[in-house]
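A short write-up of the structure that comes next.
In our numbering, the protein residues as written are 20 to 635.
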């Protein structure tokens, strides 16, 4: 056990000692509590709620269910106009504006191939919208990889041209492939292909599926418009069917030596065999391609209930949160993206949602008010990138400077031999002692971890607020349609709630507010990613990466990055979204000073940031 000053330790023992004998469920039989919590989880994870995906009626039903529970308990609303909802809109998809989209291939002697939208071609939002009329060039796999001595763009003039490229990379499935054997290298990534084409100054890209994958899947499937993301790279981009490309190649074959290659498969075979690019203009042929997109918006809401405190610490707030949204019908976020089924999300996160409703019941039914205010929040759009919790942090009900702690529940439905994983005990000076004492008063096995990312508590931590995180581990059912109520250990959920209540009461009753501690890293890991210190807005549709908030004291804060800045470059890496920022942070080292370019309002700012090391 960690050492504390004598007065602090005695105060903590006194707080928890007074709680040790309490019956937090007012003498209820354990079976009754299990039944109630189980019914909450069962309803939230039922097919009637459609996987609680944004844009579904089921997500609103879940919000209504939480509101009804708070009202039943007499909890005060923390939403708009005294209600429980704080709604906002998010983009949930990108659609093609069909009336302003077309792709026509034109050749000699008035030849024309008009492609059918959605069947023979699909514009992709990852490229961006635009209008192009230019000559066609076949450009192999669209790869520029000097490291592997392979470059489809070397000595090729594609400036201002529309390039046709094959998806992924040569020699797939070959253990002897120069592209790291059977591993997938970054040259397969869509963003890498977009960047390579832009660097070669191509005007647009038409991508066709690679034969290796279509043989395995036994079908040639076009991606949906948002399939590769929605941050536009600034170059019109379409996914085109084998059928359409074969129509073209039958009239304008790719020539390698004496061979005239008229199918994507024969071209790929030849490149695999020789590992030599087959880039060449398709003489006499051009493409007229135009595309526009429109955003599909959905209104979502955080659900907020408040139990006011009493006494001198009543103005301090403890947030108790869990996200109640999930993946709907997929495919967004699903580990089975080709399966359109309801993803009920029983563990993720009907269990956590049930926990905050049960804790609200217990505190609302207490004979005395807590010493600090409790704010219970059902966060929405967590699966879209912590959108709901970040929205709350930007516009909190109560000031963040008076928010002294946050307790988060995310996936507590699989309590087993490994026990409960409790994260965040290192984020406040007093939490270790609180946790140790709570464990002594409980038979529950608790494993304390340093896990801080990946859920709604992380934004609070970034604002300098101590956090605690309850989690019972990932299973093979995570983000699949099989995450159903029948797989949940409801008794284990109640055990976790009982333990968390004891811990939460300890936080609420502390004589002094928790002292925030930024945990030190044990030591630098080789090739560890450098640290910038921002909370990104994954929901933004900008060409760049929008900053939701800047972590206090972080390298970004010291460099002058501000909330709502749009990062467009780090060092010499152009930032189109989170993928490029991550690549930039991997390229540069902690301690290195790099240029960071942001768009702020109508202008640009060039900042200098000294990258940090996570935990420092």
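All residues carry an ideal CB built from backbone N, CA and C; glycine is no exception.
Query, Result
"If we require 4 or more residues per run, which alpha helix (DSSP H) segments fall completely within the stretch 134-221?", "209-218"
"What residue does the beta strand (DSSP E) around residue 566 start on, and which one ends it?", "564-569"
"Who pairs with residue 618 in a beta bridge, going by DSSP?", "585 and 623"
"Determine, using beta-carbon pairs with one atom in the stretch 369-382 and one in the stretch 45-63, whether at least three such pairs fall under 8 Å.", "yes"
"Are residue 344 and residue 368 touching if we call contact CB-CB under 9 Å?", "yes"
"Using the C-alpha atoms, what's the distance from residue 608 back to residue 631?", "8 Å"
"Classify residue 579 as helix, strand or coil using the three-state DSSP reduction.", "coil"
"Tell me whether residue 427 sits in a helix, a strand or coil according to DSSP, three-state version.", "strand"
"State the CB to CB distance for the pair residue 7 and residue 224, rounded to an integer number of angstroms; the pair is presumed to be in contact (CB under 8 Å).", "Residue 7 cannot be examined here, being either before or after the span of the chain that is shown, 20 to 635."
"Here's the rule I'm using: 16 or more other beta-carbon atoms within 10 Å means buried, otherwise exposed. How should residue 493 be labelled?", "exposed"
"I want to check one thing, is the minimum distance from the CB of residue 375 to the heavy atoms of the ligand COA below 8 Å?", "Here there are no bound small molecules, and the ligand COA is not part of this structure."
"Please confirm if the stretch 74-91 is in contact with the stretch 284-297, defined as three or more CB-CB distances below 8 Å between the two stretches.", "no"
"Between residue 111 and residue 73, is the Cβ-Cβ spacing less than 9 Å?", "yes"
"Using only CA atoms, which one of 291, 490, 575 and 347 lies nearest to residue 470?", "490"
"What residue does the beta strand (DSSP E) around residue 112 start on, and which one ends it?", "104-115"
"What residues in its chain sit with their C-beta under 6 Å from that of residue 552, if we drop five residues either side in the sequence?", "570, 573, 574 and 575"
"How do the stretch 324-342 and the stretch 135-147 stand: do at least 3 beta-carbon pairs fall below 8 Å, yes or no?", "no"
"Could you tell me which of 175, 425, 271 and 350 sits nearest to residue 474, measuring between CA atoms?", "425"
"May I have a chain-ordered list of the beta strand (DSSP E) segments no shorter than 3 residues that lie completely inside the stretch 215-287?", "223-227, 256-259, 273-275 and 278-280"
"Please list, in chain order, all residues of the same chain as residue 215 whose beta carbon is under 7 Å from its beta carbon, the five residues on each side excluded.", "161, 162, 163 and 172"
"Just how far apart, CA to CA, sit residue 468 and residue 448?", "15 Å"
"Taking Cβ to Cβ, would you say residue 627 is nearer than 9 Å to residue 613?", "yes"
"From residue 438 to residue 115, what distance separates their C-alpha atoms?", "48 Å"
"Looking only at C-alpha atoms, which of 240, 264, 193 and 373 sits nearest to residue 292?", "193"
"Kindly indicate which three-state DSSP category residue 377 falls into: helix, strand or coil?", "helix"
"Looking at C-alpha atoms only, which residue of 417, 487 and 119 is the closest neighbour of residue 451?", "487"
"Rounding to the nearest angstrom, what Cα-Cα distance links residue 583 and residue 406 in this structure?", "14 Å"
"Here's the rule I'm using: 16 or more other beta-carbon atoms within 10 Å means buried, otherwise exposed. How should residue 42 be labelled?", "With a pLDDT of 40 at residue 42, under the threshold of 50, the predicted position of this residue should be treated as unreliable, and no value is reported."
"Please go through the same chain and pick out, in chain order, the residues whose beta-carbon is closer than 8 Å to the beta-carbon of residue 93, but skip the five residues on each side of it.", "383"
"What number of angstroms, rounded off, separates the C-alpha of residue 615 from the C-alpha of residue 208?", "24 Å"
"Express the C-alpha separation of residue 385 and residue 107 in angstroms, rounding to a whole number.", "33 Å"
"For a quick check, are the C-beta atoms of residue 423 and residue 60 less than 9 Å apart?", "no"
"Using only alpha-carbon positions, find the residue among 301, 190 and 330 that is nearest to residue 289.", "190"
"How long is the line joining the alpha carbons of residue 531 and residue 247, rounded to whole angstroms?", "49 Å"
"Counting only the same chain and skipping the five closest in sequence on each side, list residues whose C-beta sits under 6 Å from that of residue 395.", "324, 339, 375 and 379"
"Leaving out five residues before and five after residue 350 in sequence, what residues of the same chain have Cβ atoms less than 6 Å from its Cβ?", "356"
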